[in-house]
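Structure, as structure tokens:
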């Protein structure tokens, strides 16, 4: 089991998340997509629209991970400073990407044409490639192991779609969920002992409170299908022995 | 305007967020609550259930902010390691808090009584105080400028409620929103120039795609009500002059 584990960091850029005005949807979206690519999301940082803070987060996470994704701050307005921040982090210039300019000119041909704000979206750190965006013209940007994506979730989704299958990953992390109206505090020994007995597996316990009752979902994860099944069986046996009803797939 | 700006960091602890399984609700909840307290959320980090990663994030954010909040990892199971990580970050021991133990004994008296897992929820870094939790017995924990809260959003909400009005903050950041079916790329000059002309104000531009049309909400923020109104007026005049319809409050 010395297979390489591929990891990614994510930097979410935007005052609107930190102010509570906008509920972030990109963390879950990027996390789920990475799982399918066999890449583990290692850390997320949400930072303000301030260049030095973006630079700090980007440099910390790009060095310790195989991939770094950013969302937000690549639009046409004055508060869109992600390209400048990434260029500063890498010590390269900002240039107009000719292909991005051509894409924007075509996209805006019947929408009033290109202007200074729209041309901002053709700016890239020198040496960057484009990530296609079928939804709104302005492309995402890839440079080195960094992927700059939009902040608007459905545009981010389109860019992730364009990247699907292009990033090297490892064995996907498999998971099974077992749920029930089980207070996690009554089975904490069972969970710990089961995890310890299955070294290639992790068990997460996710309690909830619903319809006036407490319950839990237990998520068992492993990159090995046999190990995963063995751990699930042990946990189900233990829950049954303790007198708990449970539902495969979770509740 | 040399008034002190109070800031907070937030560390969201949990593999379930990084795997995409659970959509985080605590970032927006904590962010909105902090706004009302006159405290600015400066940065969020989402980290895995790994002690050294929690310690790193906590130490980085507690030193540069007035307050640090954590959510997640204070339950009864083996993957709940936040208390140990905070104690390690601070270089103190983990002890059983007698009042927390008494609370848990009362709470579980008619639910099977205390056990080893449940007693884990009475463990605190030495020197900590408790944050009341009316919903599920197990309290939150405060030590120095660090506030450890639950991961389950409605329990977090109860702990925030218990803390309301107890943290020193500054003047709350006021905001007004102006929205319309306006492509932000057509008003990027206006937004930049309006912000530059009102130095105590920030303007955020939040584009969206809805019902097949593009639009934007522009959020103007300031700690000064008069400056805010003046900036809103300038922006509305500019949008009107440019021939755009807009809606106070946003769309």
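Chains as they are written, first to last, in our numbering: chain A, 62 to 312; chain B, 62 to 312. Think of the CB as a built atom: it goes at the ideal place given N, C-alpha and C, for glycine as much as any other residue. The model shown is predicted, which means the values in this text are computed figures rather than measured ones.
Host alpha helix (DSSP H) of residue 76 of chain B (start-end): The residue you call residue 76 of chain B lines up with position 15 of the second chain. Residues 76–79.
Chain A contact residues for residue 266 of chain B, given Cβ-Cβ distances below 9 Å: Here residue 266 of chain B is taken as the residue at index 205 of the second chain, counted from 1. 136, 137, 138, 139, 140, 141, listed in chain order.
Residue 277 of chain A versus residue 271 of chain A - alpha carbon distance: The residue labelled residue 277 of chain A in the question sits at position 216 within the first chain. The residue labelled residue 271 of chain A in the question sits at position 210 within the first chain. Distance between the alpha carbons of residue 277 of chain A and residue 271 of chain A is about 10 Å.
Proximity to residue 91 of chain A [Cα-Cα], best of A/110, A/128, A/112: Residue numbering aside, residue 91 of chain A sits at position 30 when the first chain is read from its first letter. The shortest Cα separation from residue 91 of chain A among A/110, A/128, A/112 belongs to A/128.
Straight-line gap, residue 297 of chain B to residue 266 of chain B (C-alpha atoms, nearest Å): As a position in the second chain, residue 297 of chain B is number 236, starting the count at 1. As a position in the second chain, residue 266 of chain B is number 205, starting the count at 1. When rounded, the distance between both Cα atoms is 14 Å.
Outcome for residue 100 of chain A when other beta-carbon atoms lying within 10 angstroms are tallied against a minimum of 16: Taking the first chain and counting its residues from 1, one reaches residue 100 of chain A at position 39. Buried: at least 16 other Cβ atoms inside 10 Å.
Test: residue 158 of chain B CB closer than 8 Å to a CB of chain A: Mapped onto the second chain, residue 158 of chain B falls at position 97. For residue 158 of chain B, the answer is no, since every Cβ of chain A falls outside 8 Å of its Cβ.
Residue 147 of chain B (DSSP reduced to helix, strand or coil): As a working mapping, residue 147 of chain B is identified with position 86 in the second chain. The answer is helix: DSSP assigns residue 147 of chain B an H, G or I state.
At least three beta-carbon pairs within less than 8 Å, the segment 138–145 of chain B to the segment 249–257 of chain A: yes
Close-in-space but distant-in-sequence residues of the same chain around residue 103 of chain A (CB under 7 Å, 5 per side omitted): Indexing the first chain from 1 puts residue 103 of chain A at position 42. Taken in chain order, the residues that qualify are 68, 69, 70, 126.
At least three beta-carbon pairs within less than 8 Å, the segment 223–241 of chain A to the segment 281–298 of chain A: yes
Min CB distance residue 190 of chain B to chain A below 8 Å: On the second chain, position 129 is the one that residue 190 of chain B refers to. Taking Cβ atoms only, chain A never reaches closer than 8 Å to residue 190 of chain B, which makes this a no.
Contacts of residue 281 of chain A in chain B (Cβ-Cβ under 9 Å): As a first step, residue 281 of chain A must be located in the first chain, where it is residue number 220. Chain B residues near residue 281 of chain A: none, gap ~12 Å exceeds 9 Å.
Cβ neighbour criterion (16 or more within 10 Å) applied to residue 80 of chain B: The residue you call residue 80 of chain B lines up with position 19 of the second chain. It counts as buried.
Cβ neighbour criterion (16 or more within 10 Å) applied to residue 135 of chain A: Working through the first chain from its first residue, we reach residue 135 of chain A at position 74. The residue is buried, with at least 16 neighbouring Cβ atoms inside 10 Å.
Under the three-state DSSP convention, the category residue 66 of chain B falls into: As a first step, residue 66 of chain B is located in the second chain; it is residue number 5 there, counting from the start. Note: residue 66 of chain B maps to coil in three-state DSSP.
Contacts that residue 98 of chain A makes with chain B (C-beta to C-beta distance below 9 Å): For the purposes of this step, residue 98 of chain A is taken as residue 37 along the first chain, with counting starting at 1. Here the premise fails: no neighbours, minimum Cβ distance about 12 Å.
The ligand FMN heavy atom lying under 7 Å from the CB of residue 232 of chain A: Among the ligands in the structure shown, none appear at all, so the ligand FMN cannot be discussed.
Where the beta strand (DSSP E) containing residue 295 of chain A begins and where it ends: Locating residue 295 of chain A in the first chain gives position 234, where the first residue counts as 1. Run containing residue 295 of chain A: none in the beta strand (DSSP E); it sits in the alpha helix (DSSP H), 286–302.
Host alpha helix (DSSP H) of residue 159 of chain B (start-end): Position 98 of the second chain, counted from the first residue, corresponds to residue 159 of chain B. Here the alpha helix (DSSP H) through residue 159 of chain B covers 159–168.
Alpha-carbon spacing of residue 264 of chain B relative to residue 188 of chain A, whole angstroms: In the second chain, counting from the first residue as 1, residue 264 of chain B sits at position 203. In the first chain, counting from the first residue as 1, residue 188 of chain A sits at position 127. If you take the alpha carbons of residue 264 of chain B and residue 188 of chain A, they lie about 31 Å apart.
Residues near residue 179 of chain B by beta carbon distance below 7 Å, same chain, minus five either side: Numbered from its first residue, the second chain carries residue 179 of chain B at position 118. The answer, listed in chain order, is 137, 165, 169.
C-beta atoms of residue 146 of chain B and residue 98 of chain B nearer than 8 Å: Against the second chain, residue 146 of chain B aligns to sequence position 85. Against the second chain, residue 98 of chain B aligns to sequence position 37. No.
Cβ-based burial, residue 163 of chain B [other Cβ within 10 Å; buried from 16]: For the purposes of this step, residue 163 of chain B is identified with residue 102 of the second chain, where counting begins at 1. Counting Cβ neighbours within 10 Å, residue 163 of chain B comes out exposed, since fewer than 16 surround it.
DSSP-derived helix/strand/coil call for residue 197 of chain A: Your numbering for residue 197 of chain A matches position 136 in the first chain. Note: residue 197 of chain A maps to coil in three-state DSSP.
Contact set between residue 253 of chain B and chain A, taken where Cβ atoms lie within less than 8 Å: The residue given as residue 253 of chain B occupies position 192 in the second chain. The answer, in chain order, is 138, 139.
Cβ-Cβ distance between residue 288 of chain B and residue 262 of chain B below 8 Å: Against the second chain, residue 288 of chain B aligns to sequence position 227. Against the second chain, residue 262 of chain B aligns to sequence position 201. Yes, they are a contact pair.
Continuous alpha helix (DSSP H) stretch holding residue 175 of chain B: start and end: The sequence position of residue 175 of chain B within the second chain is 114, counting from 1. From DSSP, residue 175 of chain B is part of no alpha helix (DSSP H); its letter is neither H nor E.
Stretch-stretch touch, CB-based, cutoff 8 Å, three pairs: the segment 190–198 of chain A with the segment 220–229 of chain A: yes
Reduced DSSP secondary structure (H/G/I, E/B, other) of residue 125 of chain A: Along the first chain, read from residue 1 onward, the residue named residue 125 of chain A stands at position 64. Helix.
Supposed close pair residue 150 of chain B, residue 116 of chain B - CB separation, criterion 8 Å: Along the second chain, one-based indexing puts residue 150 of chain B at 89. Along the second chain, one-based indexing puts residue 116 of chain B at 55. Contact holds; Cβ gap of about 5 Å.
Supposed close pair residue 212 of chain A, residue 133 of chain A - CB separation, criterion 8 Å: For the purposes of this step, residue 212 of chain A is identified with residue 151 of the first chain, where counting begins at 1. For the purposes of this step, residue 133 of chain A is identified with residue 72 of the first chain, where counting begins at 1. Indeed, because the Cβ distance is near 3 Å, the residues count as touching under 8 Å.
Range covered by the alpha helix (DSSP H) that runs through residue 154 of chain B: Start at 1 with the first residue of the second chain, and residue 154 of chain B comes out as number 93. Unbroken run through residue 154 of chain B: none, as it is neither H nor E.
Nearest candidate by alpha-carbon position, reference residue 197 of chain B, set A/88, A/273, A/292: For this step, residue 197 of chain B is matched to residue 136 along the second chain. Out of A/88, A/273, A/292, A/273 has the C-alpha closest to the C-alpha of residue 197 of chain B.
Close Cβ partners of residue 312 of chain A (< 8 Å) along its chain, the five nearest in sequence each way excluded: Stepping through the first chain from its first residue, residue 312 of chain A is reached at position 251. For residue 312 of chain A, where only same-chain residues beyond five positions count, the Cβ hits under 8 Å are 240, 241, 242, 276, 278.
Secondary structure of residue 135 of chain B, DSSP reduced to three states: In the second chain, residue 135 of chain B corresponds to position 74, counting from 1. DSSP places residue 135 of chain B in coil when its eight states are reduced to three.
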